[in-house]
Amino acid sequence: MKGRRRPEVAKRLRWIHDQLAAAYGPQHWWPAKTPFEVILGAYLTQNTAWKAVERSLANLRAAGALTVEGLRALPLEDLRRCIQPSGFYTRKAAALKAFVAMLDEEFGGSLKALAATPPAGLRDRLLALPGVGPETADAILLYALGHVVPVADEYLRRIAERHRLQEVASGSKSYGALVELTREAFADDPRDTHARLFNEFHALTVAVGKAHCRRTAQCEGCPLAGDLRYAK
Ligand code: SF4
96 MKGRRRPEVA KRLRWIHDQL AAAYGPQHWW PAKTPFEVIL GAYLTQNTAW KAVERSLANL
156 RAAGALTVEG LRALPLEDLR RCIQPSGFYT RKAAALKAFV AMLDEEFGGS LKALAATPPA
216 GLRDRLLALP GVGPETADAI LLYALGHVVP VADEYLRRIA ERHRLQEVAS GSKSYGALVE
276 LTREAFADDP RDTHARLFNE FHALTVAVGK AHCRRTAQCE GCPLAGDLRY AK
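Count along the sequence shown from 1, then add 95; that gives the number in our numbering.
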């Protein structure tokens with residue numbers, strides 16, 4: 096029964112993308128100038144608001160540490176101080192240093208060499224690093240390294256749960272199931288490349304999450320309110 100409803104759910108997920116795209120327009124993600132800044136942001140945004148990340152990135156910019164070389168040269172104590180606004184700074188500083196160490200030891204310090212690695216093996220390598228969970232790994236793969244992978248996050252999980260998408264489709268609430276559902280939703284979408292669709296979809300779900308689908312849902316005026324009737 097659930098298997099037969101997957102296409103229907105994938106279609107609803109695509110409708111959700113279209114509604115959000117019409118309501119919010121292009122999101123121009125990721126908000127960063129270079130791939131390394133994307134990676135820094137992906138680490139720093141864990142469990143914190145983007146405003147706090149912006150303050151940390153401004154500190155890193157002032158310290159000349161928005162590049163691999165700059166971060167490598169920045170003493171750990173200074174790195175902690177720079178990223179203090181984003182919270183969990185001891186853990187995040189160690190994780191960023193571990194990323195640069197991995198890049199140096201295994202890829203000659205080159206992000207291009209890292210990006211040239213096939214995504215499946217690369218995802219496992221990223222997940223083996225301290226402070227990297229599935230969402231961070233996928234955000235790095237998609238937005239920094241240009242691989243075609245969907246990204247799920249807490250906002251999408253919330254939407255899927257409140258609209259009963261994931262549960263209806265697979266009975267699973269795991270991150271992996273949500274990612275697979277997203278992949279399926281855009282599998283035969285001819286309108287754009289999958290990388291661009293995944294890029295926009297994640298950015299748009301963050302936009303609606305911030306505006307409406309907060310801890311307490313504010314459904315009135317939400318672009319996705321029309322889909323709630325299927326959630327009964
Ligand atoms: S706020 Fe309501 S309508 Fe909007 S995405 Fe969340 S549950 Fe759906």
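Built from N, CA and C at the ideal position, the CB exists for glycine as well.
Through-space distance from residue j to residue i, alpha-carbon basis
i, j, result
"MET96", "VAL195", "With a pLDDT of 40 at MET96, under the threshold of 50, the predicted position of this residue should be treated as unreliable, though the coordinate-derived value follows. Going from the Cα of MET96 to the Cα of VAL195 covers about 47 Å."
"PHE131", "HIS307", "31 Å"
"ARG343", "LEU198", "Only positions 96 to 327 of the chain appear in the structure, and residue 343 is not among them; the question remains open."
"GLN313", "ALA232", "30 Å"
"LYS187", "ARG291", "29 Å"
"GLN261", "GLY165", "42 Å"
"GLY316", "LEU108", "19 Å"
"PRO245", "THR300", "12 Å"
"LYS305", "ALA280", "23 Å"
"PRO318", "ALA127", "27 Å"
"ASP173", "LYS146", "20 Å"
"ALA190", "VAL243", "24 Å"
"TRP110", "SER267", "21 Å"
"HIS112", "ALA144", "23 Å"
Burial state of residue i, where buried means 16 or more other Cβ atoms lie within 10 Å
i, result
"GLU275", "buried"
"CYS177", "buried"
"ASN142", "exposed"
"PRO285", "exposed"
"ARG324", "exposed"
"HIS351", "Here the chain has residues from 96 to 327 only, and residue 351 is not among them."
"PRO121", "exposed"
"PRO200", "Note that residue 200 is Glu in the sequence shown here, rather than Pro. Per the 10 Å Cβ criterion, exposed."
"SER205", "exposed"
"VAL269", "Per the sequence shown, residue 269 should be read as Ser rather than Val. Result: exposed."
"LEU171", "exposed"
"THR311", "exposed"
"THR288", "exposed"
"LEU222", "exposed"
"GLU103", "exposed"
"ALA211", "exposed"
"ALA153", "exposed"
Which listed residue (the options) has its alpha carbon closest to that of residue i
i, options, result
"GLU241", "PRO214, ARG324, ASP283 and TYR138", "Sequence inspection shows Gly at residue 241; the Glu mentioned does not correspond to that position. Taking only the C-alpha atoms, the option nearest GLY241 is PRO214."
"ALA247", "LEU206, ALA302 and LEU273", "LEU273"
"HIS258", "GLU295, SER181, PRO225 and ASP322", "ASP322"
"ALA255", "PRO229, HIS297 and LYS128", "HIS297"
"LEU236", "PRO225, ARG253, ALA157 and LYS207", "LYS207"
"GLY271", "PRO229, ALA280 and PRO225", "PRO229"
"LEU135", "LEU155, LYS146 and ALA117", "LEU155"
"ARG253", "ALA326, ASP113, LEU174 and VAL133", "ALA326"
"GLU295", "LEU115, ALA320 and LYS106", "LEU115"
"VAL163", "VAL148, VAL133 and ARG220", "VAL133"
Terminal residues of the alpha helix (DSSP H) in which residue i lies
i, result
"SER151", "145-157"
"GLU372", "Because the chain here runs from 96 to 327, residue 372 falls outside it and cannot be looked at."
"ALA326", "Here ALA326 belongs to no alpha helix (DSSP H), and DSSP marks it neither H nor E."
"TYR250", "249-257"
"ASN294", "289-306"
"THR277", "270-280"
"ALA137", "130-139"
"TYR184", "184-202"
"ARG220", "214-222"
"THR231", "229-234"
"VAL243", "Segment: none, VAL243 is in no alpha helix (DSSP H) and carries neither H nor E."
task: Closer than 6 Å is what we want: which residues have a beta carbon that near any heavy atom of the ligand SF4? List them in chain order.
output: ILE254, ARG257, HIS258, VAL303, HIS307, CYS308, ALA312, GLN313, CYS314, CYS317, LEU319, ALA320 and LEU323
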